[in-house]
Ligand SMILES: [Zn+2]
Ligand SMILES: [Zn+2]
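In the numbering used here, the protein residues as written are 5 to 383.
Okay, structure coming up:
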């Protein structure tokens, strides 16, 4: 149920007080990692009808879809900017914060709360409180009466973070990343899921679509809006529920990769068989966080590479062997990334480019130099 009274007024007041300029570009992020994923698939990207020349942008965009069980949490990183899309479920504060710490994230330029369900904003208050700074919280004009939602609003207020209400068609320029808001297109829905903020994220010729829990009604509205929907990578709507990922919607997106964020043995039966069948029909490679763990995309604006933290799963033939701790004999050193301050095992798929490497003879040496262990190889 949606009550659009007290909390909404507070929300709107905050919005009116804050700058709604979506173009603000605070260079507040740390120097996140720029992993050079060398061992995974490297298909040529985009069906995007972009007029941009297909040249590398000179930096990389990493899109990390974390394994958070039956919930959602994703991180976008370039070497200058960061965006968090949703923050897992209630009770996952430590998990989400350790994920962010493993990427050296202390500041976020944008935080997106796609819609006020607990499996999307569960740890949002903790994230907001833990960060040194947050540029803007992007959210729909929707409220929930839960403690989780109120806790998030309290954290936003405590930290004095500006709120931007998502308006379809608006663009967010985040360095070289161009993000268009595609939904929500209506102001009143019977289902909170349809308030989901839908984002089309373009980096050179590589395009990602994040759909929250948007269901059929929202998908139809997006189709009717005429805004571009085509994407290389689809973060599949609503954990793979049959009420999302309609055939017309998938036809318009035409994804090469689809990622479903869902928990093992979840009680909803997500992803539903009908959704899996429709996704298979697109020809997209399908990844699932319940089987593949965290799914990481890296793109230079032309080529997209993929790595996962678990090797088993659907259509994962292109994946490299599962990363396992090497025998002590093969560990001659640890490799640090001077930009991200992450350190890796030499066998990690996310080793930095040569010029960004520094070497440690022992783990303690890396830790005392302020380096943080990589999430993928867990050195
Ligand atoms: Zn959800
Ligand atoms: Zn939801």
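Heads up, the beta-carbon is just placed ideally off N, CA and C, and yes, glycines get one too. Quantities reported herein were computed from a predicted structural model and do not represent experimental measurements.
- Comparing alpha-carbon positions, which option in 144, 225, 212 and 362 lies nearest residue 261? Of 144, 225, 212 and 362, the residue nearest in Cα terms is 212.
- Would you decide whether residue 272 is buried or exposed? Buried here means 16 or more other CB atoms lie within 10 Å of its CB. Taking every protein chain shown into account, the CB of residue 272 has fewer than 16 other CB atoms within 10 angstroms, so this residue is exposed.
- Query: Based on Cα-Cα distance, which residue from 126, 74, 87 and 73 lies nearest to residue 67?
  - Reply: With distances taken between CA atoms, residue 67 lies nearest to 87 out of 126, 74, 87 and 73.
- Query: Would a C-beta distance cut-off of 7 Å place residue 270 and residue 74 closer than the cut-off?
  - Reply: Yes, they are a contact pair.
- Message: Can you check which of these residues, 188, 238 and 294, is closest to residue 206 by C-alpha distance?
- Response: The shortest C-alpha separation from residue 206 is found at 238.
- Leaving out five residues before and five after residue 178 in sequence, what residues of the same chain have Cβ atoms less than 8 Å from its Cβ? These residues qualify, in order along the chain: 29, 80, 82, 85, 87, 113 and 114.
- Query: Taking the C-alpha atoms as reference points, what is the distance between residue 191 and residue 282?
  - Reply: Distance between residue 191 and residue 282, taken at the CA atoms: about 29 Å.
- Message: Between residue 71 and ligand 1, is there a pair consisting of the residue's CB and a ligand heavy atom that are separated by less than 6 Å?
- Response: Not one heavy atom of ligand 1 lies closer than 6 Å to the C-beta of residue 71.
- For residue 111: DSSP bridge partner residues: In DSSP, residue 111 forms a bridge with 137.
- Query: Distance, Cα to Cα, residue 174 vs residue 203?
  - Reply: Rounded to whole angstroms, residue 174 to residue 203 spans 10 Å at the Cα level.
- Residue burial classification, residue 20 (beta-carbon count within 10 angstroms, cutoff 16): Note that residue 20 scores a pLDDT of 38, beneath 50, so its modelled location is shaky and nothing firm can be said.
- Output the distance between the C-alpha atoms of residue 48 and residue 186, rounded to the nearest integer angstrom. Residue confidence for residue 48 is low, a pLDDT of 40 falling below 50, so the modelled location carries little weight; the figure read from the coordinates is stated next. When rounded, the distance between both Cα atoms is 25 Å.
- Message: Could you check whether the Cβ of residue 243 sits closer than 6 Å to any heavy atom belonging to ligand 2?
- Response: No; taking the cut-off as 6 Å, the Cβ of residue 243 has no heavy atom of ligand 2 nearer than that.
- Task: Label residue 162 either buried or exposed according to how many other C-beta atoms from any shown protein chain fall within 10 Å of its C-beta, with 16 as the threshold for buried.
- Result: Here residue 162 is exposed: its Cβ has fewer than 16 other Cβ atoms, across all protein chains shown, within 10 Å.
- Just the Cα atoms here: how many angstroms apart are residue 54 and residue 209? Confidence in residue 54 is poor, its pLDDT being 42 and thus under 50, which makes the residue's placement unreliable; the coordinate value appears in the next sentence. Going from the Cα of residue 54 to the Cα of residue 209 covers about 7 Å.
- Item | Alpha-carbon to alpha-carbon, residue 221 and residue 146 | One Cα belongs to residue 146, the other to residue 221, and the distance between them is close to 16 Å.
- Message: Given 6 Å as the limit, tell me if residue 219 has its C-beta closer than that to any heavy atom belonging to ligand 1.
- Response: Residue 219: no, Cβ never under 6 Å from ligand 1.
- Task: State yes or no: is the C-beta of residue 123 nearer than 6 Å to some heavy atom of ligand 1?
- Result: At least one heavy atom of ligand 1 lies closer than 6 Å to the C-beta of residue 123.
- Rounded separation between residue 377 and residue 300 - CA only: So the two alpha carbons sit approximately 16 Å from each other.
- Message: If you follow the alpha helix (DSSP H) that residue 253 is in, where does it begin and where does it stop?
- Response: Residue 253 -> alpha helix (DSSP H) spans 251–257.
- Task: Please state whether DSSP places residue 289 in a helix, a strand or coil.
- Result: Residue 289: strand per DSSP, three-state reduction.
- Using alpha carbons as the reference points, say which of 242, 136 and 132 lies closest to residue 167. Per the Cα distances, 132.
- Excluding the five sequence neighbours on either side, which residues of its own chain have a C-beta within less than 7 Å of the C-beta of residue 362, listed in chain order? The beta carbon of residue 362 is closer than 7 Å to those of 340 and 342 in its chain, skipping five residues each way along the sequence.
- Message: For residue 295 and residue 96, I'd like the C-alpha separation in whole angstroms.
- Response: Straight through space, the alpha carbons of residue 96 and residue 295 are spaced by roughly 19 Å.
- Task: Could you give the DSSP three-state label for residue 64: helix, strand or coil?
- Result: Three-state DSSP puts residue 64 in coil, outside helix and strand.
- Take the Cβ of residue 149 as the centre, count every other Cβ of all protein chains shown within 10 Å, and call the residue buried at 16 or more, exposed below. Residue 149 is exposed by the Cβ-count criterion.
- In the structure shown, what three-state DSSP assignment does residue 192 receive? In the three-state scheme derived from DSSP, where H, G and I count as helix and E and B as strand, residue 192 is classed as coil.
- Task: May I ask whether a heavy atom of ligand 2 can be found less than 6 Å away from the beta carbon of residue 197?
- Result: Checking every heavy atom of ligand 2 against the Cβ of residue 197, one is found closer than 6 Å.
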